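Residues in the sequence shown are numbered from 1176 upward in steps of one, following our numbering. Accompanying notes for the structure given below.
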Amino acid sequence: MSSLVQSVDWLAIAPPTIAAVVGLVVLVADLFLDERRKGLLGWVSVAGLAVATLMLLPLLDGNRATFCLTGDPHLCSYTADRFTLVIQLLVLLGALLAALLSVTTLKDARKTVPEGEFWFLLLSSSAGAALLPASRDLATLIVALEVASLPAFALVGIRYGDKRSSEAALKFFLSSVTATAVSLMGISFVYASTGSLYLVRIADRIQHVDGQLHTLAQAGVVLTLVGFAFKTAAVPFHFWVPDTYVGAPLPVAAYLSVVGKAVGFSGLILVTVVALPSYADVWGPALAALAALTMTVGNVGALRQQATRAYSAVRLLAWSSVGQAGYLLVPIAAAAYSKDAQKSIGSTVAYALMYGAVNLGAFAVAALVGRAKALNRISDYRGLYASHPLAALLLAFFLLCLAGLPPGIIGLFAKVTVFSAAVDAGLGWLAVVMAVNVVIALFYYLQWTALLFRAPEGEPEKHRVPGPLTAAIALTAVLGIALSGAPQLVLRFSATALF
């Protein structure tokens, strides 16, 4: 009789484990620190996320797997392959930048946000988000998804006595719980049809499902896709995004815009391309339609934002993130029609890396402006160049990257790779829809960019920028400029075999 004891590759699971352990350390330390020393918790959290990110380096030498079946060592619950490492890099760097933004935000919050609980929730969510791309069975996938999501609900509504924050958390909670329920029902149908939770075994068995279970398997595929569409903020499951971003503390909105998307899209890729490639005729057209709808609704929503409306800058970034989700869906849909599905998925990964760096940069500059002008309207950015010239130049650069215009070369290259993925897969109509949406997006990105350099109304207000906020802006700027200087590095890296 074979042993049921499984060996654990601690190096492979180090990145999410470190984030989780530091979260527990912060929670316990919070009990013993007085109010004057609570700021140390933030720096411990930043250091923990930095160490977790660095632990990805030893994993570059080859694929690792752990928590495998003793009877079949090829069936593993956790795999640290190229796809896992790229998404974990995006997740942990995104969480690190959000943590740097949070250090300043919590200091400005004047005790309206409990620091110990905040850092514990952020680290817990980061650990779940880092676990998800490594998950290779549906049980681990759903557990990771919920570990990433549940703390995020509390982060959105964590401010004491803030009705807008509480409303945002409630909308986020209800939509996410609905998504989870739908996903679980779909996964239960898939399990009933195949008798396995392992993705590679499902991919093999679902092709030979008994005729009586064929309809059940199809329903399971559709319901699972619907559940993940909620997580990715795809239209029509996007309604929670604008109010959630406005109600949440700004670093949490930045975290959700990048890390939340990475979680949803990596889960969607694993379910479709790895577990259900034989059902490409079902999920391919569905994702193509969702991509077209999502990018159109997102960009039109951003276009309709009024510059003088309260929180219009954050709302524009929220609607923009919905539009960007549409672009990210395009290569996944193309994978259903392409002969080289991994190349299509590589386009999504390349776009996600670009989007993560520059979108976090835009949120970092928004956090800077929000310190002086709490309503954070687009009109508040008028004349930013006169008071903070470097911040204005960097925000202009980030917006041009999102628009896909020089000098934001990485944004242009990323859009071209997504566009070519659609064309190569024979989805010419989707490429046309994307081209129209890029033109729509140009208008509101350039309008905001031009506002930065207009003459300010009244005397420009200059104030000192805190060190952590400066570090976050500088780090995103370095990433964006480096990627624009050598975009081929990201494109070549993502074009290699991911799975």
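Just so it is clear, CB atoms sit at the ideal spot from N, CA and C, and this is done for glycine as well. Just so it is clear, the structure is predicted and the values come from calculations on it, not from any experiment.
Inclusion of Ala1225 and Val1266 in the CB contact set at 8 Å is not warranted, their separation being larger than that value. One thing to note: Val1397 has its Cβ no nearer than 8 Å to the Cβ of Gly1269. Take the alpha-carbon of Ser1562 and the one of Leu1330: they are about 32 Å apart.
For Phe1242, the secondary structure class from DSSP, reduced to helix, strand or coil, is strand. Spatial neighbours of Glu1342 in its own chain (CB-CB distance under 8 Å, excluding positions within 5 residues in sequence) are listed in chain order as Asp1418, Gly1422. By the 16-neighbour rule on beta-carbons within 10 angstroms, Val1593 is buried.
Under the criterion of beta carbons closer than 8 Å, Ala1482 and Arg1546 do not qualify as touching, at roughly 20 Å.
Taken in chain order, the whole alpha helix (DSSP H) runs of length 4 or more contained in the region 1388 to 1472 are 1389 to 1406, 1416 to 1422, 1425 to 1430, 1436 to 1444. With a cut-off of 8 Å on Cβ pairs, the region 1319 to 1337 is in contact with the region 1289 to 1308, counting three or more such pairs. By the CB criterion at 8 Å, Leu1602 and Ala1463 fall inside the cutoff. Just so you know, the alpha carbons of Lys1213 and Leu1644 end up roughly 18 Å apart. Listed in chain order, the non-local C-beta contacts of Leu1244 below 6 Å within the same chain comprise Leu1250, local neighbours out to five positions each way being set aside. A straight line joining the alpha-carbon of Gly1660 with that of Ile1584 spans about 7 Å.
By the C-beta density criterion, Glu1632 is exposed, having fewer than 16 other C-beta atoms within 10 angstroms. The region 1506 to 1517 makes no contact with the region 1620 to 1632, as fewer than three CB pairs between them are under 8 Å.
The residues Leu1265, Gly1269, Val1433, in chain order, have a CB closer than 6 Å to that of Gly1531 in the same chain once the five nearest residues on each side in sequence are set aside.
According to DSSP, Asp1312 shares a beta bridge with Tyr1373.
Just so you know, the alpha carbons of Ile1381 and Leu1372 end up roughly 11 Å apart. According to the DSSP assignment, Ser1252 belongs to the beta strand (DSSP E) that extends over 1251 to 1255. Sorting Leu1296, Thr1259, Ala1394 by C-alpha distance to the C-alpha of Ser1277 places Leu1296 at the top. Between Gly1655 and Val1533, the beta carbon gap of about 5 Å places them in contact (Cβ cut-off 8 Å). A contact between stretches requires three or more CB pairs, one per stretch, nearer than 8 Å, and the region 1471 to 1486 meets this requirement with the region 1604 to 1616.
In terms of Cβ geometry, Tyr1430 and Leu1492 do not form a close pair [threshold 8 Å]. Distances from the CA of Gly1386 to each of Leu1374, Thr1369, Leu1400, Ile1377 were compared; the closest alpha carbon is that of Thr1369.
With contacts defined as CB atoms closer than 8 Å, Thr1469 and Val1497 qualify as a contacting pair. When DSSP states are grouped into helix, strand and coil, Trp1185 belongs to the coil group.
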